[in-house]
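In this note's numbering, the protein residues as written are 2 to 590.
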RNA sequence: GCGUCCGUAGCUCAGCCGGAUAGAGCAACGGCCUUCUAAGCCGUGGGUCGCAGGUUCGAAUCCUGCCGGGCGUGCCA
């Protein structure tokens, strides 16, 4: 509708230009927007205000000329010139009413469109190191990434969602050694636990599995293990050095096969736990891509080799540097350390090269805000590898702060002192958690008040919206109980009877839905949906309170049923995108 | 220091690709259940849009500079 109006306005301004009434070189791109105030019509344009200065004419006078040259169309009720020179458009109400039939006809697919047709996009999100359970921060990335993927799919994009499993680095060795130490304790050895090891209870669980499966096969005396190790941080030493020494000792004693067994046990249990959490949270991936698979295929060597060929790396101080400053980064980055090991960044370069090789038009990475320093270097690498930097869009999701009893909780994965996503889901429910996570713009900090989230009682916007949905189902149950049935055809035929203010408002807001999906998708802003759904639910609740739907007048009754059924469908479609259930019954605990 | 995100009602936040009187929820106060679920509805009060300049017919919105807060600034991952 907007587009059609823009076309009309373009015709009008072009005519003015051709006739020399308006003497301007270029007409700025014309914009038409929905009005906030109904007295300003349905849509409005500020062309006249934009054009007034170059045309040397007063805005209102120019607006009048534009209106005079507007082609006639049957769907426009009237136009008005208002304020400083806005042109307000009033649409024929018949047009707005058509939305009801469209929603009922398309059902689940209403709102889906082809604005992203033919574009292949890879959305990578969460990708937390498989060293422990997901915490509440990961939950935000998960909810955001899943909602964004759904939104893009609704806009016709071909979406591939992916979790990158960092299963090849030092952190995994720390996990393995942590598991082994817990296993040894369970086997009866007494030895200190490293300060830099993973402290969480889940490590005990994995150690227990190992003990059950292998009995004493992986056991060595504590003295053998601890001989000649440097001091841990607890004894005035360096915790990082200590754990590295412990890793070496572990690998030496166990040998490659048994070490791999411990390593694999830790990885598979933690990864399975993460996958289960995400699945239960309604977050599904098309692919779980392991860093180790890139290592096995020599992807890192290949990527670095390609950079070497293009002259983008050089040796310095015994290390290999990627000259990212040549691509706008603030400093060069090491890809291979002086000890011969590749850096985390090197594997990221390989991973992004891999993404490009798979032929995606756009790559969307959802990262925690603490990774923002990485954007420049990854884009630099992509450019060096021959991609356009705009192909990669990094969405930074700001931190989630937890509050309990008015105090902010400090969290650390290492110490095991954190609230897990699972704990949060269990206390608030998946629906509330999904909704709250996407309610804010991603670049906005999220204060999560645990007490409030745990309080089961009320005030939750998600319940408000779900209740609106359930109420409609309830009306249809009532209808059946009274021995009546909904005649959709008759209702659609009687839509002109929907003249009440609430009804008009509801129709108007429904008409915005598809545009909202397109805009929210383009701007990667699923949160817009939460505000929209609240608005729509608000009107539906008001309407419910103000009017009876099951009335004696059969035509009016069926028309109203069409209206609320269509509203319900939109609520369901919207909730579906943000991963929240649309219940037919609301129950109190 | 530099980079980046943020600063709008008592609280949490929309609005920010310039537009018409700045919005919502919560909290506060007052009403509405013999009518399709009161997890609801109706109403009232509440704002120097961090501060100061600039651009513009027009600035919460764009630019500059301050002030305040978060995060980052590893041959860690």
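For every residue, glycine included, the Cβ atom is placed at its ideal position computed from N, Cα and C.
Within the same chain, Cβ atoms closer than 6 Å to the Cβ of residue 174 are found at 248, the five residues on either side in sequence being excluded. Here residue 253 carries a helix assignment [DSSP, helix/strand/coil]. By the neighbour-count criterion, in which 16 or more other beta carbons inside 10 Å mark a residue as buried, residue 131 falls on the buried side. In this structure, residue 112 places its C-beta atom within 7 Å of the C-beta atom of residue 514.
In the three-state scheme derived from DSSP, where H, G and I count as helix and E and B as strand, residue 426 is classed as helix. Residue pairing by DSSP puts residue 322 in a beta bridge opposite 315 and 335. Here residue 145 is buried: its Cβ has 16 or more other Cβ atoms, across all protein chains shown, within 10 Å. The beta-carbon distance between residue 377 and residue 444, rounded to whole angstroms, is 17 Å. This is too long to meet the 8 Å contact definition. Distance between residue 251 and residue 155, taken at the CA atoms: about 50 Å.
Listed in chain order, the alpha helix (DSSP H) elements of length 4 or more contained wholly in the region 72-129 are 94-107.
In its chain, beyond the 5 residues on either side, 565 and 569 have a beta carbon closer than 6 Å to the beta carbon of residue 473.
Between residue 119 and residue 519, the alpha-carbon positions lie close to 15 Å from each other.
For residue 366, the enclosing beta strand (DSSP E) stretches over residues 363-369. Shown here, residue 179 sits in a helix according to DSSP, grouped into three states. Of the candidates 387, 304 and 88, 88 places its Cα closest to the Cα of residue 64. For residue 234, there is no enclosing beta strand (DSSP E), since its DSSP letter is neither H nor E. Taking 4 residues as the minimum length, the alpha helix (DSSP H) runs contained wholly in the region 477-539 are 489-494, 502-511 and 514-523, in order along the chain. Taking a C-beta distance under 7 Å as the contact criterion, residue 86 and residue 49 qualify as a contact pair. Annotated three-state conformation of residue 437 is helix, per DSSP. Distance between residue 574 and residue 530, taken at the CA atoms: about 10 Å. With respect to the 7 Å criterion, residue 436 and residue 314 are not classified as neighbours on the basis of their beta carbons. A distance below 8 Å between beta-carbons, with the five flanking residues on each side excluded, links residue 571 to the following residues of its chain, in chain order: 104, 111, 112, 511, 514 and 537. Residue 396 carries a strand assignment under DSSP once its states are collapsed to helix, strand and coil. The beta carbon of residue 254 is closer than 6 Å to those of 221 in its chain, skipping five residues each way along the sequence. By DSSP's assignment, residue 34 forms a beta bridge with 45. Membership of residue 345 in the alpha helix (DSSP H) is indicated by the continuous run 345-358. Between residue 462 and the set 199, 434, 448 and 373, the nearest pair of CA atoms involves 434. Short of 7 Å from the beta carbon of residue 170, and not among the five residues preceding or following it, lie these beta carbons of its own chain, in chain order: 345.
Around the beta-carbon of residue 166, 16 or more other beta-carbon atoms lie within 10 Å, marking it buried. The beta carbons of residue 81 and residue 93 sit no closer together than 7 Å. Straight-line measurement puts the Cα of residue 160 at about 31 Å from the Cα of residue 508. Each residue's CA atom was taken as its position, placing residue 31 and residue 83 some 18 Å apart. Spanning the alpha carbons of residue 124 and residue 364 requires a straight line of approximately 6 Å. Nearest in C-alpha terms to residue 380, of all of 356, 402, 38 and 401, is 356. Excluding five sequence positions before and after residue 162, the CB atoms of its chain that fall closer than 6 Å to its own CB belong to 124, 150, 286 and 287, given in chain order.
In this structure, 398 is the residue among 342, 337 and 398 with its C-alpha nearest to the C-alpha of residue 367.
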